[in-house]
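Visitor: In our numbering, the protein residues as written are 21 to 136. Think of the CB as a built atom: it goes at the ideal place given N, C-alpha and C, for glycine as much as any other residue. Keep in mind it's a predicted model, so treat the numbers as computed, not measured.
Dropping the structure here:
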């Protein structure tokens with residue numbers, strides 16, 4: 021499951037939100053990823069920009085994505101407890117037989133988000 025929903029939103033742990041709406045440069049983190057990691061960043065950043073969200077470390081201990089970087093806190097979605105794991109999306113994309121279509125994969129997630 022790429023999209024995780026949590027009734028109460030994220031846990032109460034400390035975190036830093038960066039990208040998208042964080043705005044304050046002091047709260048932004050600059051990542052210097054390798055080329056493979058760039059795919060993950062692009063996938064996550066697509067949803068951050070589209071739905072006005074941010075990157076954060078999932079601090080919900082019961083979540084399957086606990087302690088992983090996810091994107092969420094989307095201003096333009098009605099459900100506040102949604103997070104997307106761009107690492108899972110990238111793995112799904114890479115494990116898809118060629119020819120691969122990233123647009124189709126992103127559209128599938130968009131469709132799932134619109135049904136929440």
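Output the distance between the C-alpha atoms of residue 72 and residue 101, rounded to the nearest integer angstrom.
Guide: Along the chain shown, one-based indexing puts residue 72 at 52. Along the chain shown, one-based indexing puts residue 101 at 81. About 14 Å.
Visitor: Would the beta-carbon of residue 78 fall within 8 Å of that of residue 67?
Guide: As a working mapping, residue 78 is identified with position 58 in the chain shown. As a working mapping, residue 67 is identified with position 47 in the chain shown. Contact: no.
Visitor: Where residue 94 and residue 65 are concerned, what is the direct C-alpha to C-alpha distance, given to the nearest angstrom?
Guide: Along the chain shown, read from residue 1 onward, the residue named residue 94 stands at position 74. Along the chain shown, read from residue 1 onward, the residue named residue 65 stands at position 45. The straight-line gap from Cα to Cα measures roughly 12 Å.
Visitor: Taking just the CA atoms, how far does residue 134 sit from residue 161?
Guide: A question about residue 161 goes unanswered here, because the residues of the chain that appear run from 21 up to 136.
Visitor: Using beta-carbon positions only, say whether residue 104 and residue 92 come within less than 8 Å of one another.
Guide: Within the chain shown, residue 104 is the residue found at index 84, counting from 1. Within the chain shown, residue 92 is the residue found at index 72, counting from 1. Result yes, Cβ atoms of residue 104 and residue 92 sit closer than 8 Å.
Visitor: Which of helix, strand or coil does DSSP assign to residue 64?
Guide: Residue mapping note: residue 64 aligns to position 44 of the chain shown, counting from 1. The answer is helix: DSSP assigns residue 64 an H, G or I state.
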